[in-house]
Every structure is written in C-alpha cells, then in structure tokens.
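Here's the structure, in structure tokens; my notes come after.
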Amino acid sequence: MFNMHAAAIIAVCAIVTVALRVSPFIIWSGERTTPKYIMWLGDVLPYAIMAMLVVFCLRNISFDSVVNWAPAIISVLVTGVTQVVKRNSILSIIVGTICYMLLIQVM
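Quick note: the sequence shown uses the numbering used here, first residue 497, plus one each step.
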C-alpha cells in the first residue's frame with residue numbers, strides 16, 4: 497500500500513538535500529570569488545574529519561588484553577603508513593580494513 501506521508505517526507509528530504517548541494521554553486525558562481533574562510537575550511541576540514549573518524553573508531557577499545565586493542569591499533573598504523581606512502585585514500589582504507597579483518601580472525 498502506498499503511504500502518502502512517507503512519500504512526502506522522502507520528497508521533502510530530497511528537495512532539501514538537492515538545495516543544499518546546489519546552493520554553493522549558485523552563490524559563488526560567476527565573477528564572485530570564494531571567501532577566504534571557505535577556502536580555509538576546504539583545506540582544514542578533511543583532516544579534522546579524518547581525526548574525528550579515528551577517535552570514533554577507537555573510542556571503545558579495551559586495554560584489558562592485547563587481543564582487544566592490538567588489531568585496531570596495528571590497523572590504524574598500517575592505514576596511516578599506506579596513506580603516507582601511496583597518497584591514495586581508497587587504497588589506505590581498503591588495506592587498513594583487510595589488515596583489521598585478518599588480525600581479528602588470527603588473534
């Protein structure tokens with residue numbers, strides 16, 4: 497059965513999402529230059545978001561035994577080294593995930 501309320505909610509969410517995604521291009525199109533603070537945010541936010549993700553992923557680690565913390569810490573280090581060496585975020589995430597999955601199976 498078709499639920500009109502659910503369809504209306506989805507439509508409003510879709511419209512708001514599209515409007516938020518398109519608005520920067522409309523605001524800063526043409527001859528207007530992008531403000532310096534927006535450029536600064538573009539430089540700083542990716543690193544801040546990655547730091548928050550690392551903290552989020554490691555927040556519940558228990559240091560009771562090596563089995564609880566070693567796979568996560570080793571995988572984070574492997575991901576970091578892969579990123580520094582290869583400069584490829586997707587590759588780093590895939591290598592870190594594979595490393596973690598292997599370590600939790602082995603340990």
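All C-beta atoms in this analysis are idealised placements derived from N, C-alpha and C, irrespective of residue type, glycine included.
Return the residue from the list the options that minimises the CA-CA distance to residue i.
i    : options             : result
I570 : A515, V581 and T593 : T593
V550 : I589, L516 and N564 : I589
How big is the Cα-Cα spacing for residue i and residue j?
i    : j    : result
D560 : V602 : 18 Å
Y543 : F498 : 44 Å
A507 : V518 : 16 Å
N556 : E527 : 49 Å
Report back the beta-carbon spacing between residue i and residue j to the nearest angstrom; my notes put them in contact at under 8 Å.
i    : j    : result
L554 : V572 : 7 Å
Y596 : A568 : 7 Å
V574 : V591 : 6 Å
W524 : T530 : 5 Å
Give the range of the alpha helix (DSSP H) segment to which residue i is assigned.
i    : result
W536 : K532 to L554
S585 : S585 to V602
8 Å is my cut-off, CB to CB: does residue i come that close to chain B?
i    : result
G576 : Checking the listed chains, one finds no chain B in this structure; it contains a single protein chain.
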